[in-house]
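Since the structure comes first, as structure tokens, the remarks are kept for the end.
2 protein chains.
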Amino acid sequence: MTARKLTPRGRERRAQLIAYATERFAADGYHPTSVADIVDGLGVGKGVFYWYFSSKEELFIEILRTAQRDLRRRQQRAIEGVEDPVRRVELGVRAGVLWMAEHNDLRRLFEFARTEETFARAMRAGQSVLVGDAVDHLKAAIVEGRLPDRDPEALALGILGVTNVMTTVYFDERREDPEHVADLVVDFCMEGLGARR
Amino acid sequence: MTARKLTPRGRERRAQLIAYATERFAADGYHPTSVADIVDGLGVGKGVFYWYFSSKEELFIEILRTAQRDLRRRQQRAIEGVEDPVRRVELGVRAGVLWMAEHNDLRRLFEFARTEETFARAMRAGQSVLVGDAVDHLKAAIVEGRLPDRDPEALALGILGVTNVMTTVYFDERREDPEHVADLVVDFCMEGLGARR
DNA sequence: GCCGAACTTGACCGTACGGTCAAGTTCGCG
DNA sequence: CGCGAACTTGACCGTACGGTCAAGTTCGGC
Numbered sequence: 684m685t686a687r688k689l690t691p692r693g694r695e696r697r698a699q700l701i702a703y704a705t706e707r708f709a710a711d712g713y714h715p716t717s718v719a720d721i722v723d724g725l726g727v728g729k730g731v732f733y734w735y736f737s738s739k740e741e742l743f744i745e746i747l748r749t750a751q752r753d754l755r756r757r758q759q760r761a762i763e764g765v766e767d768p769v770r771r772v773e774l775g776v777r778a779g780v781l782w783m784a785e786h787n788d789l790r791r792l793f794e795f796a797r798t799e800e801t802f803a804r805a806m807r808a809g810q811s812v813l814v815g816d817a818v819d820h821l822k823a824a825i826v827e828g829r830l831p832d833r834d835p836e837a838l839a840l841g842i843l844g845v846t847n848v849m850t851t852v853y854f855d856e857r858r859e860d861p862e863h864v865a866d867l868v869v870d871f872c873m874e875g876l877g878a879r880r
Numbered sequence: 684m685t686a687r688k689l690t691p692r693g694r695e696r697r698a699q700l701i702a703y704a705t706e707r708f709a710a711d712g713y714h715p716t717s718v719a720d721i722v723d724g725l726g727v728g729k730g731v732f733y734w735y736f737s738s739k740e741e742l743f744i745e746i747l748r749t750a751q752r753d754l755r756r757r758q759q760r761a762i763e764g765v766e767d768p769v770r771r772v773e774l775g776v777r778a779g780v781l782w783m784a785e786h787n788d789l790r791r792l793f794e795f796a797r798t799e800e801t802f803a804r805a806m807r808a809g810q811s812v813l814v815g816d817a818v819d820h821l822k823a824a825i826v827e828g829r830l831p832d833r834d835p836e837a838l839a840l841g842i843l844g845v846t847n848v849m850t851t852v853y854f855d856e857r858r859e860d861p862e863h864v865a866d867l868v869v870d871f872c873m874e875g876l877g878a879r880r
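Below, the structure is given as structure tokens:
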């Protein structure tokens, strides 16, 4: 789609489509949700959809990219001005968990997007940025002797994994308090099972 | 489907359908893979599919359930005769990682199945069994004072999360050595980042 | 008040989907 | 051999999908 000129009215309509589609995709899945479902749900004609998006796929990728950008911004804001690299990791994790709590639907979309090659590329790109951010802090912490010297990328992936599963189970299946979940994620990431070997 | 009587030939055909469908579902996704794709790929008529399965959905759920059972058996075999609960956790995790390495396609199917309500029920059931197994060992370890006293379910979920993400990234995107990945997963699970606080 | 760009409508198109079924073939067994 | 159950075929069905488009409406700027 060659970016259209949008009036305020158009921008609002576009945002409305994105919001409603996100909701439906998260609730029913990407494939089971048809373009007809989306426009009918909003009570508009089908042409409206194709005025703002060139395809269902394009809309989905747009949702993913916007969400990834938003998540990263949130994490960066959370660690602004903090020098201690270990603390930066912790604050980044907390911010990520809280973002997931507020955007449960987007988290579900992320999980689906990873499973289909069409969207996996976009997901990997965004994910590797977040992992890269974490790796930077972890490297710094290791250099400063604050953390034992282990593969920082593996550590970052571990953090990602704990966050994914805990947010899924605790937010999606139960309705746990976000702060409590953030504590659980941070605890596990910092100390794991706490086994001394 | 009211379980049909199968001759050896029939059992083989059924297994062939399951194997090929698993491959295609994992490669292209569940929805993008049509029943026609599956039967065409095997060079058989469409009726063959519906002789063995009452629907595409039923086949998929069957694949999931069989896989979950197989994974659990593998883990149970791995910890057979081991008394130390911490060691049981570690061996279970290693077995899980190695199973994922050998069944990358099934792992991908698991990830998709979690994202669609139709299959999420079946997935949660199987997953909660595995988590329950781990929780038992963790509780025992805590009682014995081998691990600090923390919510065992959260710990089990943490393990699950680390396993999921590391197997995805290291097996799917790169072709890492399974044993090495198992080490990374176990390390992270046992000690996390290794931060002393 | 008018013009063009922004926006909206909904009938329509080709296709491909999941699933059915009447008919035919293979095969083990008595 | 022969018969019934197991298995296979592929044309066919209704539907619903993603996407198009000619036509009409709204609206801001001049």
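As they're listed, the protein sequences go chains A and B. Using the numbering used here, read the first sequence as starting at 684 and increasing by one per residue. Using the numbering used here, read the second sequence as starting at 684 and increasing by one per residue. Glycine included, each C-beta is placed from N, C-alpha and C at the ideal position. Please read all numbers here as calculations on a predicted model, not as lab measurements.
Residue i burial status per 10 Å Cβ neighbour count (16 or more: buried)
i                      : result
residue 750 of chain B : buried
residue 862 of chain B : exposed
residue 850 of chain B : buried
residue 656 of chain B : Since the first and last residues shown for chain B are 684 and 880, residue 656 of chain B lies out of range.
residue 844 of chain A : buried
residue 689 of chain A : exposed
residue 870 of chain B : buried
residue 722 of chain B : buried
residue 799 of chain A : buried
residue 848 of chain A : buried
residue 726 of chain A : exposed
residue 865 of chain A : buried
residue 730 of chain B : exposed
residue 880 of chain B : With a pLDDT of only 49 at residue 880 of chain B, under 50, the local geometry of the prediction cannot be trusted, and the value read off the model is given with reservation. The residue in question, residue 880 of chain B, is exposed, as its Cβ has fewer than 16 Cβ neighbours within 10 Å.
residue 796 of chain A : buried
residue 710 of chain A : exposed
residue 808 of chain B : exposed
Continuous alpha helix (DSSP H) stretch holding residue i: start and end
i                      : result
residue 786 of chain B : Careful: residue 786 of chain B lies outside any alpha helix (DSSP H) and carries neither H nor E.
residue 687 of chain A : Unbroken run through residue 687 of chain A: none, as it is neither H nor E.
residue 732 of chain A : 729-735
residue 811 of chain B : 800-826
residue 861 of chain B : 861-874
residue 723 of chain B : 718-725
residue 836 of chain A : 835-850
residue 740 of chain A : 739-762
Residue i versus the options, residue with shortest Cα-Cα distance
i                      : options                    : result
residue 829 of chain B : B:768, B:756, B:724        : B:768
residue 718 of chain B : B:710, B:706, B:738, B:709 : B:738
residue 791 of chain B : B:698, B:865, B:743, B:871 : B:743
residue 846 of chain A : A:810, A:820, A:833, A:745 : A:810
residue 877 of chain B : A:857, A:854, A:831        : A:831
residue 752 of chain B : B:694, B:854, B:812        : B:812
residue 741 of chain A : A:699, A:864, A:802        : A:802
residue 762 of chain A : A:754, A:748, A:747, A:778 : A:778
residue 687 of chain A : A:702, A:733, A:797        : A:733
residue 783 of chain A : A:823, A:834, A:868        : A:868
residue 859 of chain B : B:842, B:820, B:789, B:785 : B:785
residue 698 of chain A : A:711, A:709, A:745        : A:745
residue 760 of chain B : B:816, B:694, B:804        : B:816
residue 856 of chain B : A:804, A:716, A:713        : A:804
Anticipated Cβ contact below 8 Å, residue i with residue j, distance rounded
i                      : j                      : result
residue 882 of chain B : residue 780 of chain B : Because chain B spans 684 through 880 in this model, residue 882 of chain B falls outside it and cannot be assessed.
residue 776 of chain B : residue 840 of chain A : Actually they do not touch by this definition, with Cβ atoms about 15 Å apart.
residue 692 of chain B : residue 735 of chain B : Not quite, the Cβ-Cβ distance comes to about 12 Å (not below 8 Å), so this is no contact.
residue 678 of chain B : residue 773 of chain A : Because chain B is modelled from 684 through 880, residue 678 of chain B falls outside the range shown and cannot be assessed.
residue 836 of chain B : residue 814 of chain B : 7 Å
residue 806 of chain B : residue 747 of chain B : 7 Å
residue 787 of chain B : residue 708 of chain B : So it is not a contact: roughly 12 Å between Cβ atoms.
residue 714 of chain B : residue 714 of chain A : 4 Å
residue 705 of chain B : residue 838 of chain B : With a Cβ gap of about 31 Å, residue 705 of chain B and residue 838 of chain B do not count as contacting.
residue 703 of chain B : residue 724 of chain B : 6 Å
Exercise. Note down, in chain order, all residues in the stretch 712-731 of chain B with a beta-carbon under 9 Å from any beta-carbon belonging to chain A.
Key: Near chain A, meaning a CB-to-CB distance below 9 Å, the residues of the stretch 712-731 of chain B are 712, 713, 714, 715.
Quiz prompt | Interfacial residues, the stretch 758-776 of chain A to chain B, with Cβ spacing under 8 Å | solution = Across the stretch 758-776 of chain A, CB contacts with chain B closer than 8 Å involve 769, 772, in sequence order along the chain.
Exercise. Anything in the stretch 788-800 of chain A with a Cβ closer than 8 Å to a Cβ of chain B? List those residues in chain order, please.
Key: So the close ones are 791, 794, 795, 797, 798, 799, 800.
Quiz item: Looking at chain B, which residues of the stretch 740-753 of chain A have a Cβ within less than 8 Å of any of its Cβ atoms?
Solution: Correct list: empty, as no residue qualifies.
Exercise. Select from the stretch 866-879 of chain B all residues with a C-beta closer than 9 Å to any C-beta belonging to chain A, and list them in chain order.
Key: Within the stretch 866-879 of chain B, the residues whose Cβ lies closer than 9 Å to some Cβ of chain A are 867, 868, 870, 871, 872, 873, 874, 875, 876, 877, 878, 879, listed in chain order.
Practice problem: Taking only beta carbons into account, state which residues of the stretch 824-835 of chain A come closer than 9 Å to chain B, listed in chain order. | Solution: Residues passing the 9 Å Cβ filter: 824, 829, 830, 831, 833, 834.
Quiz item: Got a sec: which bits of the stretch 837-849 of chain B sit with their beta carbon under 9 Å from any beta carbon on chain A, in order along the chain?
Solution: Flagged, chain order: 837, 838, 840, 841, 842, 843, 844, 845, 846, 847, 848, 849.
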